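Shown next, in structure tokens, is the structure this report addresses.
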Amino acid sequence: MRPSSPSGRRAKPALKLIAGGVLAVALVSGCGSGGDDDGGKSGGSSGGAQAKTLGKVAMPKVGKETNTMGTWVTDTNFVKGEVNEIVGYSLDGATSKWKIPLDGQICWASPHMTEEGLTAVLFRDGAGEDALCTQVGLVDLKKGKLVWQKEGSDTEGNAGVQFDQVTLGGGTVAAGGTSGGGAWSLDGTPLWKPEYLADCDDNGYAGGDDKIVAIRGCDSEDSSTQRLEVQTVNPRTRAVTSSYPLDEKVEYAHVISTAPLVVAVDTGDSDAGTGTTDILTIDDSGKRGKLLSTIDVLAKGYQPNCPATSVEGCTEIALDKASSTLYLSSEVDVDHGGPGDRITGLNLKTGKETGRTKMAESRSLTPVQTEKDGSLIAYLGSMYSEAGGVVRIDPTSFAMETLQKHPDDMKDAESGMDVYGDCTMIYKGKRLYIGDSRASRPTSGDGGTRPLAVVFGTA
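Per our numbering, residue 643 is the first one in the sequence shown, and the count goes up by one each step.
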């Protein structure tokens, strides 16, 4: 989450997968958004149902910031990663149903989930200060069960390999990081291991649907930098089916989508918080990948939120696969009629703009996900005088329709999550689920009102 000004505006067996409980035509989105504009102003259309605060998860009392990554919605549960555990709640978020204790803090949680409710998490091997991110687990989010827990070992048999992140795709759980990558089938069978003392390592993987995409890093001659390559691999064997070498100037790469293959890259001069200078669409149907389009994020002022070094985890982005349209938010400069946000649609095959919303004046406007009909669901952030809400954006006219307005007594809490949180949003069943990926001590800025998670809805 990027910092904000006092007004709340930010200154600067293969199984079909679903993301956060929504069919994987969409990406889950982080709180907030982030400019040039034509000067048009709109806070969304009038109307919209008055939503209630259906449930809240209190911010845990922690001595220092603690990772609580993981927000999922199944047909029966709202599930949240918390401090050293995963907790399942009723769909309204009001009642705790079950808990899965973990050995230590969550290091990474995959947003992908199979139709059976399986997902993958990475967590520490203990609760102490010296605990490491070595434990990979397969979680059943419907039953509230840790199906299995594995520890990686390299090709020389050294156990306790550290990983940075984990994903799920094509019936495979894959974990990667600076020590290389390893993978397991859904029944826990090892598929491949990190290579011992290798010049090239799998920095991380992206999952979704029936695919696994690896970001492969190979040391340069002086070992001071890595040359990165995007590889589509067989989820069972890791055999490379398609590869695309990235420009040597690229320092980090983040996979936004595996199908179509969309990659955000950072050449080292991205705007603070975005982690991205360019977004590439790659055709991986052949052995050698082919670049289809490039979107210059830096020049256009788009502000996705991609974690600096992680392969997955980009938020504040939504993708409609049927129309190959990517939705990005940008912050409108005061000199162009702001402050405020707008959302722009971009065709991934051409890189050209398909349309843009008018400005949401003095508040954030964040892509959350796309619906089956191609419309975009977005979060309209709170402001001093009004709480936030959910809007639907027409993919052709880019007109905004308000779906729900949140209760005004939650506007400070919403603002705190928007500004100080690192959130995931999921809209399902006429409810907006917001989950923070970090637990932290209260600050004077959030007034101690910020929950770890909240559910807004009309029923």
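The beta-carbon is built from N, C-alpha and C at its ideal position, and this holds for glycine as well.
The structure displayed is predicted, hence computed values, not measured ones.
Whole-angstrom distance between residue j and residue i, CA atom to CA atom
i, j, result
"residue 812", "residue 1027", "47 Å"
"residue 731", "residue 970", "31 Å"
"residue 1048", "residue 695", "8 Å"
"residue 790", "residue 781", "7 Å"
"residue 932", "residue 905", "13 Å"
"residue 827", "residue 810", "10 Å"
"residue 1003", "residue 757", "39 Å"
"residue 1094", "residue 726", "14 Å"
"residue 808", "residue 950", "16 Å"
"residue 886", "residue 804", "27 Å"
"residue 743", "residue 778", "14 Å"
"residue 1031", "residue 841", "49 Å"
"residue 862", "residue 870", "10 Å"
"residue 879", "residue 854", "11 Å"
"residue 1096", "residue 881", "42 Å"
"residue 692", "residue 820", "47 Å"
"residue 963", "residue 772", "43 Å"
"residue 785", "residue 737", "16 Å"
"residue 849", "residue 788", "20 Å"
"residue 1108", "residue 1043", "The first residue shown for the chain is 643 and the last is 1101, placing residue 1108 beyond what the model contains."
"residue 939", "residue 945", "7 Å"
"residue 993", "residue 937", "5 Å"
Cβ neighbour criterion (16 or more within 10 Å) applied to residue i
i, result
"residue 961", "buried"
"residue 1102", "The structure shown does not extend to residue 1102, since the chain is modelled only from 643 to 1101, so the question has no answer here."
"residue 954", "buried"
"residue 918", "buried"
"residue 704", "exposed"
"residue 991", "exposed"
"residue 740", "exposed"
"residue 981", "buried"
"residue 800", "exposed"
"residue 1000", "buried"
"residue 930", "exposed"
"residue 891", "exposed"
"residue 769", "exposed"
"residue 1056", "buried"
"residue 806", "buried"
"residue 762", "buried"
"residue 920", "buried"
"residue 660", "Residue placement at residue 660 cannot be trusted, given a pLDDT of 46 that sits under 50; the coordinates are not used to answer."
Coil, strand or helix - residue i by DSSP
i, result
"residue 681", "Any answer about residue 681 is weak, because its pLDDT of 33 lies below 50 and its placement is not dependable; what the coordinates show is given next. Looking at residue 681 - three-state DSSP - the assignment turns out to be coil, as it is neither helix nor strand."
"residue 657", "Its pLDDT being 44, under 50, residue 657 is placed unreliably by the model, and the measurement read from it follows with that caveat. Residue state, collapsed to three classes: coil."
"residue 892", "coil"
"residue 1007", "strand"
"residue 1053", "helix"
"residue 1029", "coil"
"residue 784", "coil"
"residue 698", "strand"
"residue 1021", "strand"
"residue 1092", "coil"
"residue 940", "helix"
"residue 1001", "strand"
"residue 829", "coil"
"residue 861", "strand"
"residue 844", "strand"
"residue 982", "strand"
"residue 1060", "helix"
"residue 887", "strand"
"residue 726", "coil"
"residue 994", "coil"
"residue 876", "coil"
Beta carbon proximity, residue i to chain B, threshold 7 Å
i, result
"residue 713", "Absence of chain B from the displayed structure is noted, only one protein chain being present."
Sequence-distant residues of its chain with Cβ nearer than 8 Å to residue i (five each side left out)
i, result
"residue 797", "835, 836, 837, 838"
Close beta carbons around residue i, own chain, < 6 Å, minus the five adjacent residues each side
i, result
"residue 1082", "707"
"residue 987", "967, 969, 996, 997"
"residue 948", "896, 906, 917, 918, 956"
"residue 856", "844, 847, 873, 875"
"residue 1024", "1030, 1053, 1056, 1057"
Cut-off 7 Å between Cβ atoms - residues of its own chain near residue i, not counting five sequence neighbours on either side
i, result
"residue 876", "883"
"residue 1017", "1034, 1035, 1036, 1037"
"residue 795", "801, 803, 835"
"residue 1069", "1010, 1011, 1019, 1032"
"residue 1086", "none"
With three or more C-beta pairs closer than 8 Å as the rule, is the segment 719 to 731 touching the segment 1052 to 1063? no
Could you check whether the segment 898 to 909 touches the segment 924 to 938, counting it as contact only if at least three pairs of C-beta atoms, one from each stretch, sit closer than 8 Å? yes
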